[in-house]
Ligand code: AMP
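Residue numbers (this note's numbering): 1 to 307.
Written out as C-alpha cells, the structure is:
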C-alpha cells in the first residue's frame, strides 16, 4: 500500500447565500475542498479536474502551495469554469441549488497522470458518474480503497451509470437525503443495507449538523455533530469530510473498521472547521494543532461512564 491519493472532482466558482450573507463568485468545487483537507496529511495527492480560462491563477497557486499535484488539472482556453450557486435555509441543514452551469465540465475527458496510476487511494468526488468510471478504468491495478461521493444532480439524471459505479467502490459517502433518494427508503439503517447490497462494504451517511453514521456489515458507528457556536456556510462540509477521512486512512498500516471509525471522526472534525467561514477560507488557514485539538473535543463530547 502506498500513500498516494488520487482525487477527481470539480474546481469551481461558487456563489453562496446563507442567512449570514451572500458572496460573489468565490473559489469552490469538490476537488478544491478535498485537496485542501488532504493537504493536512503527509500523503501525496494529485487532483484531476478542469477549469476554464477565467479561473484565476492565484487559486491554482494556492493549491500548489499546499503541496497538491495539479498535473491532472486542465485549463481550457475559450471555456468558462464550472459554476454553482446555492442558498441555505434557516436551519443551515438544507439547501437549494439556484444554478448549475456545467460549462467546461461538458468537455472534460479526465486523464490520470502516469505517476498516480498506481495510487492506493482513489477518491471520486461528486461528479458525472461517467467521468468517475473513466478515472477508475485508467488505474494500473485495483486500488486498495475507492471512495465515492455523489449528489442529487447526478442521482436524478445519471442513474444507470451511477448504479454501475456504486458496484465498483469500497466506500460511499453521501448525505441522508441522497441515501433516501438512491434507495427510496426513509430509514437510514435500511438505506445503508440496500446500498451495501449494491457493492460498497462501507457506507457513510452524513447528517449535517447531526453528525455522521458509518455502516460496515452489521456494525454501526456514530460520529456526533459537534455543537458549534458559529456555523457560517456549510458548503464543502461533505468534501472536507471525505478529504479528512481518506487522508487519515492513507497514513494507516492497514484499513480496518477501527481506523474507519477514527477516519469518520477526523472527517467530521475537518468539516466542522469548513462550516465556520465562507467558502474555503477556514480550510486554507487550518493548522494541524487546531485539527488535533478538535478531534479531542469529539472524544470529550462522547465520553461517559457506565453506572
Ligand atoms: P458539498 O457542500 O460538500 O456538497 O460540496 C459543495 C461543492 O460542490 C461546491 O463547491 C460546488 O462547486 C460543488 N458542486 C455543486 N454541484 C455540483 C455538481 N453537480 N457536481 C459536482 N460538484 C458540484
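Think of the CB as a built atom: it goes at the ideal place given N, C-alpha and C, for glycine as much as any other residue. Values in this document were obtained by computation on a predicted structure and should not be read as measured data.
Apart from the five residues on each side of it in sequence, which residues of its chain come closer than 6 angstroms, Cβ to Cβ, to residue i?
{"i": "residue 28", "result": "12 and 14"}
{"i": "residue 51", "result": "11, 75 and 81"}
{"i": "residue 245", "result": "263 and 267"}
{"i": "residue 66", "result": "39"}
{"i": "residue 69", "result": "46"}
{"i": "residue 30", "result": "9, 10, 125, 126 and 239"}
What does the Cβ neighbour count give for residue i, buried or exposed, with the cut at 16 atoms within 10 Å?
{"i": "residue 280", "result": "buried"}
{"i": "residue 190", "result": "exposed"}
{"i": "residue 7", "result": "buried"}
{"i": "residue 241", "result": "buried"}
{"i": "residue 210", "result": "exposed"}
{"i": "residue 89", "result": "exposed"}
{"i": "residue 248", "result": "buried"}
{"i": "residue 299", "result": "exposed"}
{"i": "residue 197", "result": "exposed"}
{"i": "residue 44", "result": "buried"}
{"i": "residue 19", "result": "exposed"}
{"i": "residue 97", "result": "exposed"}
{"i": "residue 21", "result": "exposed"}
{"i": "residue 304", "result": "exposed"}
{"i": "residue 58", "result": "exposed"}
{"i": "residue 53", "result": "exposed"}
Starting from residue i, follow the alpha helix (DSSP H) in both directions and report where the run begins and ends.
{"i": "residue 244", "result": "237-249"}
{"i": "residue 65", "result": "57-65"}
{"i": "residue 46", "result": "Residue 46 -> not in any alpha helix (DSSP H); beta strand (DSSP E) instead, spanning 44-52."}
{"i": "residue 194", "result": "188-198"}
{"i": "residue 111", "result": "No alpha helix (DSSP H) contains residue 111, which DSSP labels as neither H nor E."}
{"i": "residue 153", "result": "152-157"}
{"i": "residue 281", "result": "281-285"}
Which one of the options has the shortest CA to CA distance from residue i?
{"i": "residue 232", "options": "261, 159, 274 and 247", "result": "274"}
{"i": "residue 243", "options": "126, 304, 101 and 91", "result": "126"}
{"i": "residue 103", "options": "117, 84, 93 and 110", "result": "84"}
{"i": "residue 61", "options": "36, 147 and 78", "result": "36"}
{"i": "residue 152", "options": "203, 94, 32 and 168", "result": "94"}
{"i": "residue 288", "options": "162, 160, 269 and 73", "result": "269"}
{"i": "residue 73", "options": "271, 47 and 91", "result": "47"}
{"i": "residue 234", "options": "207, 216 and 224", "result": "207"}
{"i": "residue 138", "options": "118, 156, 284 and 64", "result": "118"}
{"i": "residue 201", "options": "259, 154 and 169", "result": "169"}
{"i": "residue 154", "options": "134, 59, 181 and 63", "result": "181"}
{"i": "residue 134", "options": "120, 254, 156 and 161", "result": "161"}
{"i": "residue 251", "options": "145, 115 and 57", "result": "145"}
{"i": "residue 219", "options": "257, 114, 194 and 199", "result": "257"}
{"i": "residue 77", "options": "129, 223, 186 and 56", "result": "56"}
{"i": "residue 112", "options": "301, 5 and 158", "result": "5"}
Where does the unbroken beta strand (DSSP E) through residue i begin, and where does it stop?
{"i": "residue 149", "result": "145-149"}
{"i": "residue 267", "result": "Where residue 267 is concerned, there is no enclosing beta strand (DSSP E), although the alpha helix (DSSP H) it sits in stretches over 257-274."}
{"i": "residue 28", "result": "26-28"}
{"i": "residue 83", "result": "82-88"}
{"i": "residue 215", "result": "212-216"}
{"i": "residue 100", "result": "95-101"}
{"i": "residue 122", "result": "121-124"}
{"i": "residue 4", "result": "4-8"}
Only counting the same chain, and skipping five residues up and downstream in sequence, which positions put a Cβ closer than 7 angstroms to that of residue i?
{"i": "residue 188", "result": "176, 179, 205 and 213"}
{"i": "residue 34", "result": "7, 9, 123, 125, 239, 242 and 243"}
{"i": "residue 297", "result": "226"}
{"i": "residue 132", "result": "8, 124, 148 and 165"}
{"i": "residue 108", "result": "50 and 131"}
{"i": "residue 283", "result": "33, 36, 37, 240, 273 and 274"}
{"i": "residue 64", "result": "70"}
{"i": "residue 260", "result": "202, 214 and 216"}
{"i": "residue 185", "result": "191 and 194"}
Give the DSSP bridge partners of residue i, in chain order.
{"i": "residue 76", "result": "52"}
{"i": "residue 300", "result": "Per DSSP, none; premise fails for residue 300."}
{"i": "residue 141", "result": "Beta-bridge pairing links residue 141 to no other residue."}
{"i": "residue 14", "result": "26 and 84"}
{"i": "residue 206", "result": "175 and 212"}
{"i": "residue 219", "result": "216"}
{"i": "residue 21", "result": "18"}
Please decide whether residue i counts as near chain C, where near means a Cβ-Cβ distance under 9 angstroms.
{"i": "residue 140", "result": "This model lacks chain C altogether, as it is built from one protein chain only."}
Skipping 5 residues on each side, what residues in its chain have a beta carbon closer than 8 angstroms to that of residue i?
{"i": "residue 290", "result": "273"}
{"i": "residue 25", "result": "13, 14, 15 and 83"}
{"i": "residue 302", "result": "224"}
Item to check | Chain-ordered residues, beta carbon under 6 angstroms from a heavy atom of ligand 3 | outcome: You won't find ligand 3 in this model; what it holds is ligand 1.
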